[in-house]
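With numbering that gives the first Met the number 0 applied, the sequence shown covers 0 to 286.
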Amino acid sequence: MTNPISVQGQNPSIDGDSSFYPPDADALSTQCYACGICTSSCPISLVPEGLDPRRIVRLANLGGLCLDRVGSSIWHCLDCRRCGNLCPNSVKPWLLIANLQRRAVAEHRVSMQTVTRIHQLKQELVTVLSNALSMADPPLFDALFQQWDQWACPPEVSPKTREAVGIKPLKRSLSHTMNHSLCMTCRECSSACPLTVSTADFDPLYFIRCYVLGVSPERASLWSCLGCESCSQACSQSVQGHLVIKALQMEQEGFFSVPFQIRINTTREQVFRAYVSRVDALVAGDI
């Protein structure tokens, strides 16, 4: 019986064409039943023209995976692995995307200089997002795209924000599942987090310690969390860092007011749109 997803011998138009790649067996793409969780959970899904992990998986299974079809969208990936962490069938779209990125570099489609600049954009993203979330009104896309370097500057920290705020009871509705008391500050969570380039910008351990000590964090980056669960997956003590951050968010906003949710979502959308557009411009050589 022939393999239904094999590239060779299945489609005369692509048979023997080296630009099409068979799916990586480790990605478990054949277990996909197109539920769409990978795409809906991807932070970039806020951008209509952004990365679509499910499309990558489907192309792999149909023998049509090639760089020309995915374009620059593979460089939108934040490497948070949320698509794989939340997949009910353990499919790893992020692995397919990473392999495509390596092929793009190997085939000289994208220079290492461009790859380095994209990684720098990822590092700047958390600062831009934190600065944007600290604004009373969501910034517009044009301002974010054109003035990205200004938004990427770390905000000045006043002495007040360095002081420990008053101890107050935090909501413990999820405490039985978080294992936060088991944290031994090893920083496995920080090492695994795709946003922790600088602990001054975003650090899961900081938020876990705030929760354990009953201290309300005063960092706008609390709302930058992607919910990718990488911190929880990496923790050897099974501390559920992503749930700790969610509990802190719920505490700060009283389970979220609707206007606040709208502002957060609008800000995220504008920031990710600007990020995707700058990545596309980098790959195209426009900036």
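Where is the CB? At the ideal position from N, CA and C, for every residue including glycine.
A quick note: this is a predicted structure, and the numbers were derived from the prediction, not measured.
With a 10 Å radius around the Cβ and a threshold of 16 neighbouring Cβ atoms, residue 118 comes out exposed. By the C-beta density criterion, residue 258 is exposed, having fewer than 16 other C-beta atoms within 10 angstroms. Look at the beta carbons and you see the segment 110-127 touching the segment 271-284: at least three pairs across the two are nearer than 8 Å.
For residue 262, same chain residues with a beta-carbon under 7 Å away, outside a window of 5 residues either side, are 137 in chain order. Using a Cβ distance threshold of 9 Å, residue 114 and residue 92 do not count as a contacting pair. The alpha-carbon of residue 36 is positioned some 11 Å away from that of residue 89. Beta-bridge analysis with DSSP links residue 282 to no other residue. If you draw a straight line from the Cα of residue 51 to the Cα of residue 26, it is about 16 Å long. When only Cα atoms are considered, residue 205 and residue 243 end up about 11 Å apart. Of 268, 260, 191, the smallest CA-CA separation from residue 230 is found for 191.
For the pair of segments examined, the segment 180-195 was found not to touch the segment 96-111: the number of CB pairs separated by less than 8 Å stays below three. Contact between residue 180 and residue 211 holds: CB atoms are separated by about 7 Å, below the 8 Å threshold. Assignment of alpha helix (DSSP H) within the segment 45-130, counting only whole runs of 4 or more residues, yields 52-60, 66-69, 81-85, 92-105 in chain order. With 16 or more other Cβ atoms inside 10 Å of its own Cβ, residue 130 counts as buried. Rounded to the nearest whole angstrom, the C-alpha separation of residue 239 and residue 223 is 17 Å. Between the segment 72-80 and the segment 212-221 there are fewer than three inter-stretch CB-CB distances shorter than 8 Å, so the stretches are not counted as touching. Of 209, 196, 96, the smallest CA-CA separation from residue 66 is found for 96.
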